[in-house]
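Colleague:
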Amino acid sequence: MVELDAEQVLSVPRRIHAREVVKRGFMSNFLFQNIASVFRAPAEVVEIIQRFDPYEQGKAQNAEKNKVEIDKSTADELSINDEGEVEIPDEQVVGKAADIFGPKVYGDIAVEFSSHVDDIAKAHEANDDDRAMLDNLKEAFKQSVTAPLVQAAKESYGSELKPRQQQQIERKVQADADIQLNRQVGDYQIQARRIEQSRKDELKAASSAAERAEVNQRHDEQKAEAFQALARKLEDSREELVQSAGETVVREVETAKKEDEKQGIEDNVRAHLRGFSRTIPSFLMAYGEEGTTLANFDTVIPADVFQDVTSITVDEFRFLRDGGDYTDTKTGEVKHFVGHLFDEVVFNDSVSEFIKLRERLANYFDETQTEDIFDYVPPQKTNQIFTPRNVVVEMVDLFEKENPGCFDDPSHTFADLYMKSGLYITEIVKRLYRSEGMKAAFPDDRERLDHILEHQVFGIAPTKIIYEIATHFILGFHDEVGQGCDSNFELADSAELAKEGTLDAYVERVFGPKLGEA
4 MVELDAEQVL
14 SVPRRIHARE
24 VVKRGFMSNF
34 LFQNIASVFR
44 APAEVVEIIQ
54 RFDPYEQGKA
64 QNAEKNKVEI
74 DKSTADELSI
84 NDEGEVEIPD
94 EQVVGKAADI
104 FGPKVYGDIA
114 VEFSSHVDDI
124 AKAHEANDDD
134 RAMLDNLKEA
144 FKQSVTAPLV
154 QAAKESYGSE
164 LKPRQQQQIE
174 RKVQADADIQ
184 LNRQVGDYQI
194 QARRIEQSRK
204 DELKAASSAA
214 ERAEVNQRHD
224 EQKAEAFQAL
234 ARKLEDSREE
244 LVQSAGETVV
254 REVETAKKED
264 EKQGIEDNVR
274 AHLRGFSRTI
284 PSFLMAYGEE
294 GTTLANFDTV
304 IPADVFQDVT
314 SITVDEFRFL
324 RDGGDYTDTK
334 TGEVKHFVGH
344 LFDEVVFNDS
354 VSEFIKLRER
364 LANYFDETQT
374 EDIFDYVPPQ
384 KTNQIFTPRN
394 VVVEMVDLFE
404 KENPGCFDDP
414 SHTFADLYMK
424 SGLYITEIVK
434 RLYRSEGMKA
444 AFPDDRERLD
454 HILEHQVFGI
464 APTKIIYEIA
474 THFILGFHDE
484 VGQGCDSNFE
494 LADSAELAKE
504 GTLDAYVERV
514 FGPKLGEA
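Residue numbers for the sequence shown, in our numbering: 4 to 521.
1) Helix or strand or just coil, what does DSSP make of Gly249?
2) Can you check which of these residues, Glu72, Gly462, His458, Lys433, is closest to Met422 by C-alpha distance?
3) Compute the Euclidean distance between the alpha carbons of Ala135 and Glu158, then round it to the nearest angstrom.
4) Under a three-way DSSP split, which group does Ile73 fall into?
5) Excluding the five sequence neighbours on either side, which residues of its own chain have a C-beta within less than 8 angstroms of the C-beta of Glu23, listed in chain order?
6) List, from N- to C-terminal side, the alpha helix (DSSP H) runs of 4 residues or more that fit wholly inside the region 9-64.
7) Run through DSSP, which three-state label would Glu370 get?
8) Quick one: measure Cβ to Cβ for Val354 and Leu287, integer angstroms, because I've assumed they're closer than 8 angstroms.
9) Can you look up Glu520 in the DSSP assignment and give me helix, strand or coil?
10) Under the three-state reduction of DSSP, which class applies to Glu292: helix, strand or coil?
11) Could you tell me which of Ala248, Val245, Arg196, Asp138 sits nearest to Ala227, measuring between CA atoms?
12) For Ala521 and Val395, I'd like the C-alpha separation in whole angstroms.
13) Tell me the rounded alpha-carbon separation between His415 and Gln459.
14) Apart from the five residues on each side of it in sequence, which residues of its chain come closer than 7 angstroms, Cβ to Cβ, to Asp181?
15) Excluding sequence positions up to five away, which residues of its chain have a Cβ less than 6 angstroms from the Cβ of Val148?
16) Does the beta-carbon distance from Ala78 to Phe42 come in below 9 angstroms?
17) Under 9 angstroms, do Val312 and Gln383 count as touching if we go by C-beta distance?
18) Is Ile358 near the ligand FMN, in the sense that its beta carbon is under 8 angstroms from a heavy atom of that ligand?
19) Which parts of the region 165-200 are runs of the alpha helix (DSSP H), unbroken and 4 residues or longer, counting only runs that do not cross its ends?
20) Report all residues from its chain with a CB closer than 6 angstroms to the CB of Asn299; omit the five preceding and five following residues, and keep chain order.
21) Using DSSP bridges, identify the partner residues of His127.
22) With distances taken from CA atoms, which of Asp307, Lys207, Leu137 is nearest Thr466?
23) Taking Lys338 as part of the beta strand (DSSP E), name the residues at either end of that continuous run.
24) Check whether the region 251-261 touches the region 86-96, taking contact to mean three or more Cβ pairs, one atom from each stretch, closer than 8 angstroms.
25) Nearest to Tyr367 by CA position, among Gln183, Lys404, Val484, is which residue?
26) Does the Cβ of Leu401 have 16 or more other Cβ atoms within 10 Å, making it buried, or fewer, making it exposed?
27) Apart from the five residues on each side of it in sequence, which residues of its chain come closer than 8 angstroms, Cβ to Cβ, to Tyr109?
28) Do Asp448 and Tyr436 come within 9 angstroms of each other at the CB atom, strictly closer than that value?
29) Would you kindly work out how many angstroms separate the C-alpha atoms of Ala229 and Ile193, rounded to a whole number?
30) If you drop the 5 nearest sequence neighbours on each side, which residues of the same chain put their C-beta closer than 8 angstroms to that of Glu205?
31) Keeping to the same chain, check which residues put their C-beta closer than 6 angstroms to that of His339; ignore five residues upstream and five downstream.
32) Could you name each continuous beta strand (DSSP E) segment of 3 residues or more that falls completely within the region 384-445, going from the start of the chain to the end?
33) Give every residue of the same chain whose Cβ lies closer than 7 angstroms to the Cβ of Glu319, excluding the five residues on either side of it in the sequence, and list them in chain order.
34) Are the CB atoms of Ala495 and Leu464 within a distance shorter than 9 angstroms?
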């Protein structure tokens with residue numbers, strides 16, 4: 004037996020959430036919260052979210068089809084309250100219930116229920132079984148009130164009333180009625196018990212048969228009066244019970260309809276937010292360090308890179324994250340958007356989990372590793388799709404097969420002119436580092452690795468973030484592989500490339516005579 008630490012126990016679901024987020028490439032709804040706030044958010048918030056490409060389970064969706072349909076009237080149309088919940092106004096419920104059921108349906112149901120109540124009352128006078136009376140009243144309500152009301156609702160709502168929802172409504176209506184019936188019968192039972200206790204006490208004190216007969220007659224009359232009072236209460240409350248049940252049916256159906264619509268809009272919002280969150284692993288590969296959190300995430304990434312990758316500015320991200328004041332363009336009134344669309348705890352735990360995973364998988368010389376960090380980094384744009392490691396290995400194997408001994412010559416050079424992950428370069432570095440010919444030329448491991456990085460491998464990356472990802476992966480996230488050596492990796496300058504006219508001319512100018520037989 005081991006004593007449990009409460010904090011450790013509570014951290015278990017946090018770790019589960021963090022690992023699930025990392026496993027899904029940060030495209031997980033665990034990262035988001037307070038989504039309902041967008042219904043009363045300024046139009047700018049919806050516009051910002053709309054700029055993210057929607058993603059579902061790692062697959063891009065049609066942006067137009069998944070458009071976030073929210074405007075100033077949406078919250079009122081869906082009856083969304085200040086807490087972001089659907090709350091149908093009472094007057095709307097009463098009016099709709101009257102339209103569906105009307106005096107005829109309500110009246111017929113009330114008469115039917117009243118008839119059952121009369122029969123139950125007569126049966127109770129005969130057997131005096133309170134438990135049976137209560138059970139019979141509940142069953143009578145179910146058969147004469149709940150069932151016909153739900154049937155009338157089905158005829159009115161048609162396919163909008165799903166079977167599962169119908170069962171939920173029946174349970175809700177019956178539960179509400181049970182509360183009232185329990186209360187009314189319960190009051191009677193309390194009175195009956197008091198009467199019987201009084202009868203018992205007085206019978207104990209009675210000294211003759213005549214006194215005992217008088218006591219019994221008086222208490223029988225009191226109990227009968229109590230029961231008649233119960234019967235009157237049930238009769239008086241029958242219309243209220245029936246009407247309340249009808250309004251419950253309408254409230255549940257209308258709430259469910261608007262909840263479904265609200266949920267659909269929120270799902271679209273989350274799909275677009277996943278379009279943003281899929282960029283997080285790339286940012287962490289390029290700029291993330293231990294201690295990166297939601298609070299400082301925007302400060303560790305260059306503003307131009309942030310906008311290029313996410314399609315929004317850093318300030319716009321902060322507005323989604325932190326909220327803030329804004330001016331209503333229609334009224335000129337200063338309002339406040341609460342923001343906080345990202346769950347800070349899950350975000351921070353997931354970032355920490357990813358950084359740990361990145362460190363654990365950073366040593367690309369370790370052939371015992373069965374995972375690859377790029378399996379956890381979703382593609383960002385068309386030119387940022389990472390080639391799987393097994394494909395890289397197979398291609399380099401074929402290259403070596405067609406060029407026997409290519410990795411044994413210290414003068415041979417290799418270039419990846421469109422780096423993305425750096426996997427091709429790292430695979431070549433490993434082949435060169437382990438080559439017997441290279442070991443003979445450079446017996447010292449460090450000297451051999453420095454020669455490879457400084458004179459034999461070259462690379463050009465198309466964007467700034469890809470350059471950071473690739474060079475961090477090749478040289479080590481803390482330069483533990485490169486150790487300050489003069490490496491040959493460049494960020495493509497589109498203006499310079501256009502000036503040179505051809506990629507060959509650009510490569511020749513950038514790397515010059517250092518790039519020999521490539």
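Note that CB positions come from ideal geometry on N, CA and C, so glycine has one too.
Only a predicted model underlies this, so the values are computations on that prediction, with no experimental measurement involved.
Modeller: Well, looking at it:
1) In the sequence shown, the residue the question calls residue 249 occupies position 246. DSSP places Gly249 in helix when its eight states are reduced to three.
2) Looking up residue 422 in the sequence shown gives position 419. Out of Glu72, Gly462, His458, Lys433, Gly462 has the C-alpha closest to the C-alpha of Met422.
3) Taking the sequence shown and counting its residues from 1, one reaches residue 135 at position 132. Taking the sequence shown and counting its residues from 1, one reaches residue 158 at position 155. Put simply, the backbone Cα of Ala135 is about 34 angstroms away from that of Glu158.
4) Locating residue 73 in the sequence shown gives position 70, where the first residue counts as 1. Note: Ile73 maps to coil in three-state DSSP.
5) Locating residue 23 in the sequence shown gives position 20, where the first residue counts as 1. Excluding positions up to five away in sequence, the list reads Ser31, Phe33.
6) 9-26, 46-53
7) On the sequence shown, residue 370 is found 367 positions in, with the first residue counted as 1. Here Glu370 sits in coil by DSSP.
8) Along the sequence shown, one-based indexing puts residue 354 at 351. Along the sequence shown, one-based indexing puts residue 287 at 284. Their Cβ separation, rounded to whole angstroms, is 6 angstroms, which keeps Val354 and Leu287 in contact under 8 angstroms.
9) Working through the sequence shown from its first residue, we reach residue 520 at position 517. For Glu520, the pLDDT reaches just 47, beneath the cut-off of 50, and the residue's location in the model is therefore unreliable, although a value from the coordinates is still provided. Looking at Glu520 - three-state DSSP - the assignment turns out to be coil, as it is neither helix nor strand.
10) Position 289 of the sequence shown, counted from the first residue, corresponds to residue 292. When secondary structure is reduced to three states using DSSP, Glu292 falls in the coil class, being assigned neither helix nor strand.
11) To locate residue 227, count along the sequence shown from 1; it is residue 224. That would be Arg196, whose Cα lies nearest to the Cα of Ala227.
12) Here residue 521 is taken as the residue at index 518 of the sequence shown, counted from 1. Here residue 395 is taken as the residue at index 392 of the sequence shown, counted from 1. Low confidence applies to Ala521: its pLDDT is 45, below 50, so where it sits in the model is not reliable, and the reading given next is rough at best. So the two alpha carbons sit approximately 18 angstroms from each other.
13) Position 412 of the sequence shown, counted from the start, is the residue given in the question as residue 415. Position 456 of the sequence shown, counted from the start, is the residue given in the question as residue 459. When rounded, the distance between both Cα atoms is 6 angstroms.
14) If you number the sequence shown from 1, residue 181 lands on position 178. These residues qualify, in order along the chain: Lys141.
15) Start at 1 with the first residue of the sequence shown, and residue 148 comes out as number 145. Cβ within range, chain order: Ile112, Phe116, Val245, Ala248.
16) If you number the sequence shown from 1, residue 78 lands on position 75. If you number the sequence shown from 1, residue 42 lands on position 39. Yes, the Cβ-Cβ distance between Ala78 and Phe42 is below 9 angstroms.
17) As a working note, residue 312 is residue 309 in the sequence shown. As a working note, residue 383 is residue 380 in the sequence shown. Contact flag set, yes.
18) Among the components of this structure there are no ligands whatsoever, and the ligand FMN is therefore not found.
19) Taking only runs of at least 4 residues, no alpha helix (DSSP H) segment lies wholly in the region 165-200.
20) Here residue 299 is taken as the residue at index 296 of the sequence shown, counted from 1. There are no such residues.
21) What you label residue 127 is simply residue 124 of the sequence shown in a count that begins at 1. Beta-bridge pairing links His127 to no other residue.
22) For the purposes of this step, residue 466 is taken as the residue at position 463 of the sequence shown. Out of Asp307, Lys207, Leu137, Asp307 has the C-alpha closest to the C-alpha of Thr466.
23) If you number the sequence shown from 1, residue 338 lands on position 335. Its beta strand (DSSP E) spans residues 337-340.
24) yes
25) Within the sequence shown, residue 367 is the residue found at index 364, counting from 1. Out of Gln183, Lys404, Val484, Val484 has the C-alpha closest to the C-alpha of Tyr367.
26) Along the sequence shown, one-based indexing puts residue 401 at 398. Label assigned to Leu401: exposed.
27) What you label residue 109 is simply residue 106 of the sequence shown in a count that begins at 1. Cβ within range, chain order: Glu242, Val245, Gln246, Gly249.
28) Position 433 of the sequence shown, counted from the start, is the residue given in the question as residue 436. Position 445 of the sequence shown, counted from the start, is the residue given in the question as residue 448. Yes, the Cβ-Cβ distance between Tyr436 and Asp448 is below 9 angstroms.
29) As a working mapping, residue 229 is identified with position 226 in the sequence shown. As a working mapping, residue 193 is identified with position 190 in the sequence shown. Their Cα atoms are separated by approximately 10 angstroms.
30) What you label residue 205 is simply residue 202 of the sequence shown in a count that begins at 1. Within the same chain, Glu205 has close Cβ partners Val218, His222.
31) Locating residue 339 in the sequence shown gives position 336, where the first residue counts as 1. Correct list, in chain order: Asp328.
32) 417-419
33) Position 316 of the sequence shown, counted from the first residue, corresponds to residue 319. For Glu319, where only same-chain residues beyond five positions count, the Cβ hits under 7 angstroms are Ile51.
34) Against the sequence shown, residue 464 aligns to sequence position 461. Against the sequence shown, residue 495 aligns to sequence position 492. Note that residue 464 is Ala in the sequence shown here, rather than Leu. Closer than 9 angstroms, so yes.
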